[in-house]
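Accompanying notes for the structure given below.
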Amino acid sequence: MSAEIKAHPGMEKPPTTSVGVLGWLHQNLFSSLLNSVLTLISAGILYLLGRGLVKWALTEARWGVITSNIKVLAWGRYPNEEAWRLGISLLIILAMGLLTWALRRGSLTQNARRALLTVWVLSPVAIVILIHGITLPTIATITNNLGYYIYRPELMPLLGEAWRASAALLVLAFVAGLTCGSVSKRTERLLSLAPLLALFLFTLPLGLLANGSLFGFDLPRLLPQTFALLVGFFSGMTVGRALTSIAAIRWLRIGSWVAVLPGLLILLTTFDVGVESVAPVEVLQIIEPNIWSGMMLTILLAVVSIVASFPIGVLLALGRRSSLPVVKGFSVLFIEVVRGVPLITILFMAQVMLPLFLPLELTVDRVIRAMVGMTLFTAAYLAEIVRGGLQAVRNEQVEAARALGLSEMLVTGLIVLPQALRAVIPPIMGQFVSIFKDTTLVTIVGLLDLLAVGQSVIKQREFLGAVREVYLFAGVFYFVISYAMSVASRRLERQLGVTEES
Amino acid sequence: MSEPIIICRDVHKWFGNFHAVRGIDMQVEKGEVVVIFGPSGSGKSTFIRTINRLEEHQRGQIIVDGIELTHDVRNIAAIRSEIGMVFQQFNLFPHLSVLSNVTMAPIWVRKWPKQKAEEVAMEILTRVGIPEQAEKYPGQLSGGQQQRVAIARALAMQPKIMLFDEPTSALDPEMIKEVLDVMTELARSGMTMLVVTHEMGFARAVANRMYFFDEGLVVESGTPDDIFKNPQEDRTKLFLSQILSH
Numbered sequence: 027m028s029a030e031i032k033a034h035p036g037m038e039k040p041p042t043t044s045v046g047v048l049g050w051l052h053q054n055l056f057s058s059l060l061n062s063v064l065t066l067i068s069a070g071i072l073y074l075l076g077r078g079l080v081k082w083a084l085t086e087a088r089w090g091v092i093t094s095n096i097k098v099l100a101w102g103r104y105p106n107e108e109a110w111r112l113g114i115s116l117l118i119i120l121a122m123g124l125l126t127w128a129l130r131r132g133s134l135t136q137n138a139r140r141a142l143l144t145v146w147v148l149s150p151v152a153i154v155i156l157i158h159g160i161t162l163p164t165i166a167t168i169t170n171n172l173g174y175y176i177y178r179p180e181l182m183p184l185l186g187e188a189w190r191a192s193a194a195l196l197v198l199a200f201v202a203g204l205t206c207g208s209v210s211k212r213t214e215r216l217l218s219l220a221p222l223l224a225l226f227l228f229t230l231p232l233g234l235l236a237n238g239s240l241f242g243f244d245l246p247r248l249l250p251q252t253f254a255l256l257v258g259f260f261s262g263m264t265v266g267r268a269l270t271s272i273a274a275i276r277w278l279r280i281g282s283w284v285a286v287l288p289g290l291l292i293l294l295t296t297f298d299v300g301v302e303s304v305a306p307v308e309v310l311q312i313i314e315p316n317i318w319s320g321m322m323l324t325i326l327l328a329v330v331s332i333v334a335s336f337p338i339g340v341l342l343a344l345g346r347r348s349s350l351p352v353v354k355g356f357s358v359l360f361i362e363v364v365r366g367v368p369l370i371t372i373l374f375m376a377q378v379m380l381p382l383f384l385p386l387e388l389t390v391d392r393v394i395r396a397m398v399g400m401t402l403f404t405a406a407y408l409a410e411i412v413r414g415g416l417q418a419v420r421n422e423q424v425e426a427a428r429a430l431g432l433s434e435m436l437v438t439g440l441i442v443l444p445q446a447l448r449a450v451i452p453p454i455m456g457q458f459v460s461i462f463k464d465t466t467l468v469t470i471v472g473l474l475d476l477l478a479v480g481q482s483v484i485k486q487r488e489f490l491g492a493v494r495e496v497y498l499f500a501g502v503f504y505f506v507i508s509y510a511m512s513v514a515s516r517r518l519e520r521q522l523g524v525t526e527e528s
Numbered sequence: 007m008s009e010p011i012i013i014c015r016d017v018h019k020w021f022g023n024f025h026a027v028r029g030i031d032m033q034v035e036k037g038e039v040v041v042i043f044g045p046s047g048s049g050k051s052t053f054i055r056t057i058n059r060l061e062e063h064q065r066g067q068i069i070v071d072g073i074e075l076t077h078d079v080r081n082i083a084a085i086r087s088e089i090g091m092v093f094q095q096f097n098l099f100p101h102l103s104v105l106s107n108v109t110m111a112p113i114w115v116r117k118w119p120k121q122k123a124e125e126v127a128m129e130i131l132t133r134v135g136i137p138e139q140a141e142k143y144p145g146q147l148s149g150g151q152q153q154r155v156a157i158a159r160a161l162a163m164q165p166k167i168m169l170f171d172e173p174t175s176a177l178d179p180e181m182i183k184e185v186l187d188v189m190t191e192l193a194r195s196g197m198t199m200l201v202v203t204h205e206m207g208f209a210r211a212v213a214n215r216m217y218f219f220d221e222g223l224v225v226e227s228g229t230p231d232d233i234f235k236n237p238q239e240d241r242t243k244l245f246l247s248q249i250l251s252h
């Protein structure tokens, strides 16, 4: 409880004390005889230890091993001509970090905060797409694949081709007419007409390009299509009007909309599954995860396991406190088993055992397997940290929230979790730093992270024996990123710091 | 004042083997202000907390606004949203600003649009006299201000009943008055109030009826005049003499 302090006109400012460099030295290093002696001895030891390192780094070290291999160390076997995608991903990460860094609590409007949050959530997806590459399906591939899984393709040759578009339009127009005839809201009417219009435009080229024959005359197929549309719509409308008064009309409407979708699939697909002509278009060249390597793999492993383990950890922590025995039992079992096994063992098990849990057709890449293993490992530790935070939230807070009429889910989401997470930012960030450093263990299951790439660089003939340079470089890399994370953590704590207990 | 809004019949509550509330009967009518007092450990806080089911009673019957409190969960959240509660330790949400403390329940439970909730919240904060603190956090306010925010937070849900569980016991003497003033104003506006307190001046001024609790039982009840001028039981006389003498 801190009473509010107002500045009265008569109040004096506290005296300012300014200490120069010499003053600081005197105060901290040479305040007494003993202190001065200790300072001098420490300085001497530091000089003796550091002299060799500095001399070696400036004169003897062959930094060429780093500079000429910088691309290999950075992205290993990732194609050089595609490396710009890594650069953009890194820029996205840095931009998001800086943006969040620069923002202060309350400095944003609601909308701006929502936009930022959306970008935050979407950016990992964007990064994965960028790095992995993407193929976009065409309408034909979508309908073919959907149709294949819903219907037996063998039946399809029984159907003719020419009447498909007209029949589809007839069916959809009937349902749209049924809706328009039986609802009173204008928005709902327009909404039901939209798919009809879309389908008509979609089949327009069919009707304009192909000629069909009707009673021996050549006619654009557009005519039967238009005819089908009008007949379907007006008959549907008549039926809809007639049925407006019956009680089940709402369900009839919903049911007919649900039924029309597979109906359209049957009518519009060619069901040529696996045919080259319907292969998806490769927009960004696919680069399989098994050639991701170097610093890029290190960072990706860390980022993925951090981002993915956080929600899982929170859910596990909540699950462990749940009153549902199955949820609680599963959470406890998972947390205790994973925490009782070393990370290396988990990584090996992820490589060997993950396929046992997945369907046969689905093969998961080795890098992905490592990511899954590290994510689950981190999640178990996070769960225990978060549980500590949950226990630190006073029960009175829960009571106050319940007394306002909040449901249990709202109590957890709005009151308990925000306070619990704030309280455990330091250990959570510690766990993140630790998993970042533990990414080096993936070397053992044969992945090429920065350290593994470094070891292969050492074996190059022209740099034989340049071991120190490479390991020092790797060490500095890990330190810089770990230190940045812990600085960010402290900043985050300060930003959210207005949590003084009442 | 005709229909009872709270009916309690033979309410019992045990903590383990300890029989904290040993059969309370009480009826509160709309617009009534009822003050409950008694020594610590007499079960008065436990009793008041059974009315919004922060504690579950184990025997007897509690009917609030025509709905009996049972194990039906949905029922409970709906009833709680009609009952405001003010705690001894304020229990504001420290991670939310004053305004968010007040608007949270209307937005999430009543589903009001944010703008409406904020307008109502500012009205209520003005009513309790601290509109200028809306953007601050609970930790930056004095105890009296925090308790007034807590009252505003409960009032924002436009409850039919307000429960006060020793609202001034954790406050410095100079801050007690500002909270009691707000409560007095609330009582005059016709709010149904159940107040656990030792502020006898407040009780004398606004209470319609008073209940003296001891050892989980109602020892004596009556109008403030009855209780102060003509207490029947020795236990009541002793307790009153102790808290009025200092």
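Chains as they are written, first to last, in the working numbering: chain A, 27 to 528; chain B, 7 to 252. Glycine included, each C-beta is placed from N, C-alpha and C at the ideal position.
task = Name, please, each residue of chain A whose Cβ falls closer than 8 Å to the Cβ of B:V126.
result = To locate residue 126 of chain B, count along the second sequence from 1; it is residue 120. The premise fails here: B:V126 is roughly 14 Å from chain A at the closest Cβ pair, so nothing lies under 8 Å.
request  = Closer than 7 Å by C-beta to A:W146: which residues in its own chain qualify, once you throw out the five before and the five after it? Chain order, please.
outcome  = Along the first sequence, read from residue 1 onward, the residue named residue 146 of chain A stands at position 120. Taken in chain order, the residues that qualify are M122.
key: Alpha-carbon spacing of B:S103 relative to B:V155, whole angstroms   = Translated into positions along the second sequence, residue 103 of chain B becomes position 97. Translated into positions along the second sequence, residue 155 of chain B becomes position 149. Their Cα atoms are separated by approximately 10 Å.
inquiry  = Suppose contacts are defined by Cβ-Cβ distances below 8 Å. Is A:R346 in contact with A:V358 by that definition?
reply    = Within the first sequence, the letter at position 320 stands for residue 346 of chain A. Within the first sequence, the letter at position 332 stands for residue 358 of chain A. Yes.
query = Comparing the C-beta of B:V115 with each C-beta of chain A, is any distance below 8 Å?
reply = As a position in the second sequence, residue 115 of chain B is number 109, starting the count at 1. Chain A has a Cβ within less than 8 Å of the Cβ of B:V115.
request  = Identify the continuous beta strand (DSSP E) that holds B:S87 and give its terminal residues.
outcome  = As a first step, residue 87 of chain B is located in the second sequence; it is residue number 81 there, counting from the start. In the DSSP assignment, B:S87 falls outside any beta strand (DSSP E), carrying neither H nor E.
ask   = Is the CB of B:F170 under 8 Å away from at least one CB in chain A?
value = Walking along the second sequence from the start, residue 170 of chain B turns up at place 164. Residue-level contact by beta carbon fails for B:F170 and chain A, as no gap is shorter than 8 Å.
request  = Work out the CA separation of A:R395 and A:L474 for me, nearest whole Å.
outcome  = Working through the first sequence from its first residue, we reach residue 474 of chain A at position 448. Working through the first sequence from its first residue, we reach residue 395 of chain A at position 369. Taking the straight line from one Cα to the other gives about 14 Å.
ask   = Just to confirm, are A:I361 and A:T404 a CB contact at a threshold of 8 Å?
value = Here residue 361 of chain A is taken as the residue at index 335 of the first sequence, counted from 1. Here residue 404 of chain A is taken as the residue at index 378 of the first sequence, counted from 1. Going by beta carbons, A:I361 and A:T404 fall outside the 8 Å limit.
request  = Just the C-alpha distance for B:W20 and B:I57, rounded to the nearest angstrom, thanks.
outcome  = In the second sequence, the residue the question calls residue 20 of chain B occupies position 14. In the second sequence, the residue the question calls residue 57 of chain B occupies position 51. Per the coordinates, the alpha-carbon of B:W20 lies some 15 Å from the alpha-carbon of B:I57.
task = Name the residue from A:S319, A:L522, A:A202, A:A514 whose alpha carbon lies nearest to the alpha carbon of A:P444.
result = Position 418 of the first sequence, counting from 1, holds the residue named residue 444 of chain A. Restricting attention to A:S319, A:L522, A:A202, A:A514, the CA atom closest to the CA of A:P444 is found in A:L522.
query = When the distance is taken between beta carbons, is B:F53 closer than 8 Å to B:F218?
reply = As a position in the second sequence, residue 218 of chain B is number 212, starting the count at 1. As a position in the second sequence, residue 53 of chain B is number 47, starting the count at 1. Result no, Cβ atoms of B:F218 and B:F53 do not sit closer than 8 Å.
task = Could you tell me which of A:Q311, A:L156, A:V412, A:M400 sits nearest to A:L344, measuring between CA atoms?
result = In the first sequence, counting from the first residue as 1, residue 344 of chain A sits at position 318. Answer by Cα proximity: A:V412.
query = For A:Q481, which beta-bridge partners are listed by DSSP?
reply = By 1-based counting over the first sequence, the position of residue 481 of chain A is 455. DSSP lists no partner for A:Q481.
task = Entirely within the region 412-469 of chain A and at least 4 residues each: give me those alpha helix (DSSP H) ranges in chain order.
result = If we require 4 residues or more, the alpha helix (DSSP H) runs fully inside the region 412-469 of chain A come out as 421-429, 443-449, 451-464.
task = Note down the Cα distance separating B:Q94 from B:F170, rounded to an integer number of angstroms.
result = In the second sequence, counting from the first residue as 1, residue 94 of chain B sits at position 88. In the second sequence, counting from the first residue as 1, residue 170 of chain B sits at position 164. If you draw a straight line from the Cα of B:Q94 to the Cα of B:F170, it is about 8 Å long.
query = Can the beta-carbon of B:V41 be found closer than 8 Å to that of B:G222?
reply = Counting from 1 along the second sequence, the entry for residue 41 of chain B is found at position 35. Counting from 1 along the second sequence, the entry for residue 222 of chain B is found at position 216. It is not a contact, given that the beta carbons lie outside the stated cut-off.
key: A:G491, DSSP secondary structure in three states   = Stepping through the first sequence from its first residue, residue 491 of chain A is reached at position 465. A:G491 falls in the coil class under three-state DSSP.
query = Name the residues in the region 85-112 of chain B whose C-beta lies less than 7 Å from a C-beta of chain A; which are they?
reply = Answer in chain order: R86, S87, M91, F93, Q95, F96, N97, L98, F99, P100, H101, M110, A111.
task = Would you list, in chain order, the members of the region 430-453 of chain A that have their beta-carbon closer than 7 Å to a beta-carbon of chain B?
result = Residues of the region 430-453 of chain A whose Cβ lies closer than 7 Å to any Cβ of chain B, in chain order: L430, G431, L432, S433, L436, L440, I441, P444, Q445, R448.
query = Counting contacts by CB-CB distance shorter than 8 Å, is A:V524 in contact with chain B?
reply = The residue labelled residue 524 of chain A in the question sits at position 498 within the first sequence. Note that A:V524 scores 44 on pLDDT, short of 50, meaning its location in the model is unreliable and no value can be drawn from it.
query = Of the residues B:P230, B:C14, B:G207, which one's Cα is nearest the Cα of B:T190?
reply = The residue given as residue 190 of chain B occupies position 184 in the second sequence. Selected option, being the one with the closest Cα: B:G207.
message = Measuring alpha carbon to alpha carbon, tell me which residue in B:L98, B:H25, B:H18 is nearest B:R59.
response = Taking the second sequence and counting its residues from 1, the one referred to as residue 59 of chain B is at position 53. Among B:L98, B:H25, B:H18, the Cα nearest to that of B:R59 belongs to B:H18.
request  = Output, in chain order, the set of chain A residues within a Cβ distance shorter than 7 Å of B:L60.
outcome  = Counting from one through the second sequence, the residue named residue 60 of chain B turns up at place 54. Contacts between B:L60 and chain A, judged by CB atoms closer than 7 Å, involve E425, R428, A429 in chain order.
Pairwise C-alpha distance: A:T144 and B:Q146 = Start at 1 with the first residue of the second sequence, and residue 146 of chain B comes out as number 140. Start at 1 with the first residue of the first sequence, and residue 144 of chain A comes out as number 118. About 32 Å.
message = Applying the 10 Å Cβ sphere with the 16-neighbour rule, what's the burial state of A:W101?
response = Stepping through the first sequence from its first residue, residue 101 of chain A is reached at position 75. Taking a 10 Å sphere around the C-beta of A:W101, we find 16 or more other C-beta atoms and assign the residue as buried.
request  = State buried or exposed for A:Q486, treating a residue as buried only when at least 16 other CB atoms are found within 10 Å of its CB.
outcome  = Counted from its first residue, the first sequence places residue 486 of chain A at position 460. Exposed, by the Cβ-count rule.
key: B:S87, buried or exposed, once every other Cβ within 10 Å from all chains shown has been counted against 16   = To locate residue 87 of chain B, count along the second sequence from 1; it is residue 81. So B:S87 ends up on the buried side.
key: Exposure label - B:I233; buried when at least 16 CB within 10 Å   = The sequence position of residue 233 of chain B within the second sequence is 227, counting from 1. By the 16-neighbour rule on beta-carbons within 10 angstroms, B:I233 is buried.
key: One or two residues paired with B:M168 in a DSSP bridge   = The sequence position of residue 168 of chain B within the second sequence is 162, counting from 1. B:G90, B:M199.
query = Between the C-alpha atoms of A:L373 and A:D391, what's the straight-line distance to the nearest angstrom?
reply = Indexing the first sequence from 1 puts residue 373 of chain A at position 347. Indexing the first sequence from 1 puts residue 391 of chain A at position 365. Answer to the nearest angstrom: the Cα atoms are 13 Å apart.
message = Given a cut-off of 8 Å on the beta-carbon distance, is the pair B:P50 and B:V201 in contact?
response = Here residue 50 of chain B corresponds to residue number 44 of the second sequence, with the count starting at 1. Here residue 201 of chain B corresponds to residue number 195 of the second sequence, with the count starting at 1. Position check: residue 50 of chain B holds Lys in this sequence, whereas Pro was assumed. No, the pair does not count as a contact, with Cβ atoms beyond the cut-off.
inquiry  = Is B:A140 close to chain A? Criterion is C-beta to C-beta, closer than 8 Å.
reply    = Translated into the one-based positions of the second sequence, residue 140 of chain B becomes position 134. No, because no Cβ of chain A sits closer than 8 Å to the Cβ of B:A140.
inquiry  = Taking CB distances under 8 Å as the criterion, tell me whether A:E422 reaches chain B.
reply    = By 1-based counting over the first sequence, the position of residue 422 of chain A is 396. Closer than 8 Å: yes.
message = Could you compute how far the alpha carbon of A:L350 sits from the alpha carbon of B:W118?
response = The residue labelled residue 350 of chain A in the question sits at position 324 within the first sequence. The residue labelled residue 118 of chain B in the question sits at position 112 within the second sequence. Approximately 32 Å, taken between the alpha carbons.
A:T324 in three-state terms, based on DSSP = Working through the first sequence from its first residue, we reach residue 324 of chain A at position 298. If DSSP states are grouped into helix, strand and coil, A:T324 belongs with the helices.
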